[in-house]
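In my numbering, the protein residues as written are 4 to 163. Cβ coordinates follow ideal geometry from the N, Cα and C atoms, glycine included. Below is one structure, written out as structure tokens; the observations come after it.
Right, here's the structure in full:
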């Protein structure tokens, strides 16, 4: 990696894996919608007040074995994702800490999604049972069932 003046910082590789993990983890706060490379580039450029990175550069940086970015580009990306610079240096303590937190967030989201999926499946079974039962009723029985359900709903509403 090089500083903006072209001098080397030290010998380490930029972690495309970390960048992709940060994109994934950030999606949790956005209802599962991952930032696009264009959105990240636009936000970074707006914050910098000039064009410092392109969406194509971000795409390349997300590719394992891609180019090594300049210090400035890493600094801008780190600022966007609110992580320390060393988060992109594999094996460093900040890298491990950020990866652990991102994985924790993703695991919590996965568990929540599984729980909601199970709940929907259970509700779906109950609704299907009600529908099958309703199909067996004549028009009078169906009308009584609808009235009964309506009265149950009214009883369950909190008193204002």
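By the Cβ rule, the segment 18-29 counts as touching the segment 97-110, because three or more pairs are nearer than 8 Å. Per DSSP, the continuous alpha helix (DSSP H) segment holding residue 122 begins and ends at 96-138. Straight-line spacing of the CA atoms in residue 99 and residue 73 works out to 22 Å.
Each of 18, 94 and 55 was checked against the Cα of residue 79, and the nearest Cα belongs to 55.
According to DSSP, residue 160 shares a beta bridge with no other residue. Sequence-distant partners of residue 150 (beyond 5 residues in either direction) whose C-beta falls short of 7 Å from its own C-beta are missing from its chain.
A Cβ-Cβ separation of about 6 Å places residue 19 in contact with residue 64 under the 8 Å criterion.
An exposed status is given to residue 124, since fewer than 16 other beta-carbon atoms sit within 10 Å of its beta-carbon. Residue 53 carries a coil assignment under DSSP once its states are collapsed to helix, strand and coil.
Minimum Cα-Cα distance from residue 116 among the listed residues 53, 155 and 35 corresponds to 35. When DSSP states are grouped into helix, strand and coil, residue 18 belongs to the coil group. Under the DSSP assignment, residue 60 falls in the alpha helix (DSSP H) whose first and last residues are 58-64. If you look at residue 32, you'll find it isn't in any alpha helix (DSSP H); DSSP assigns it neither H nor E.
Judged by DSSP secondary structure, residue 91 falls outside any alpha helix (DSSP H); it is assigned neither H nor E.
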